[in-house]
Structure formats: C-alpha cells, structure tokens
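Under the numbering used here, the sequence shown is numbered contiguously, ending at residue 180.
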Amino acid sequence: MKPRVVALLVSVVVLAAGAGVGTWLLLRDRGPSYPVISAYSNGHLTRVGPYMYCNVLNLNDCQEPRTQGELPVSERYPVQLSVPEAIGRAPWKLLQTYEDPTKDTTTIFRPNSTLAVTIPTVDPQRGRLTGVVVQLLTKLIYNGEELFPPHAEWSVRVTF
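Have a look at this one:
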C-alpha cells in the first residue's frame, strides 16, 4: 500500500475511535444529578451535595449519600450560604446549629424569596455556630394534620 493510503486509513480509524469514545462519554449513565449548596467564609469555599434526598412523592424512596461539607471559619467573618434556584424556588428551611443544642434556630424561606443568607459565626446569645443545614420541605397531610417533613437535606459543619 502507498504511504498516503495507510496514513488515510489510520486517520479514519483514529477519528472513528475518538467519535466512539466521545459518544460513550456523552451518553453514559452518570446517576442522578442533585442540587449543590455553597458556603463561603474568609476565603474558604465548600460546595456540597445532599446528605439525604428522597423522592418527593414517596418519602420512603431515598438516596442517602450522607455527604457533609466542612467550612473553616473565624469569629470575624460570617458564613455566606448560597442555594441554587432548584432549592430556592421551593419552600426551604435553614437550621443553624450552635454549641448548645437548645439554642439552635430555624428559618423557613418562602418559594422564590431567597438564594443567599449571611450567618454570623458567633451569636451573642447563642455562642459559636457549629453547622448549617438546608432542607427542602414537602407538604404532607397525616390524619387531617398538615406536616412539612424534609425530602432533601444538605449539611455543612463549621470548624473554628
């Protein structure tokens, strides 16, 4: 065979192999894609997927990767928490945990109202922040009573 024909055949084989690998990369099953929250303080950023994520229509159908972020903080700089629109367009709850668990606080945000929250790392009445938890809520009626259990949860531990 002539060198040009061989070079052409090699080029075609390499291109076909590259196209096959590219197609496989695009079409492979990557598993479920969940929203990620971000927490930032004094030059440190953590992005974390869910600790727990359930099917909103079947709260017994859950994935529990138990992912927990960790964010180093100091007393001088607050935590800036950001949630994506996938969380912010629904009612969601923010739980702030403190060294004394009796001082934990909960804030519920209405749909489409808030995508970012600034949280002091030290509260004069509550002490040091130890973590933040974001929960997506589900409306459930049980025995005629309205309940709002979480169907998804994200967690960030704060370290001083």
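Quick reminder that beta carbons are idealized off the backbone N, C-alpha and C, glycines included.
Listed as beta-bridge partners of residue 143 by DSSP are 147. Here the alpha carbons of residue 169 and residue 163 stand approximately 15 Å from one another. Contact fails between the segment 125-140 and the segment 70-83, because fewer than three Cβ pairs, one in each stretch, are under 8 Å apart.
Here residue 56 has 67 and 69 as same chain residues with Cβ atoms under 6 Å from its own Cβ, once five neighbours each way along the sequence are excluded. Leaving aside the five residues that flank residue 120 on each side, the residues in its chain whose CB is nearer than 8 Å to its CB run, in chain order, 146 and 147. Annotation for residue 166: the continuous beta strand (DSSP E) segment containing it runs 165-167.
Taking a 10 Å sphere around the C-beta of residue 180, we find fewer than 16 other C-beta atoms and assign the residue as exposed.
In the assembly as shown, residue 84 is an exposed residue. Its beta-carbon has fewer than 16 other beta-carbons within 10 Å.
Residue 141 sits buried, since 16 or more C-beta atoms from the chains shown fall within 10 Å of its C-beta.
For residue 178, the closest alpha carbon among the candidates 103, 60, 91 and 113 is that of 91.
In this structure, DSSP gives residue 173 an extended state, which the three-state scheme calls strand. A buried status is given to residue 173, since no fewer than 16 other beta-carbon atoms sit within 10 Å of its beta-carbon.
Rounded to whole angstroms, the Cβ separation of residue 98 and residue 61 is 7 Å, and the two are in contact under 8 Å. Spanning the alpha carbons of residue 65 and residue 129 requires a straight line of approximately 23 Å.
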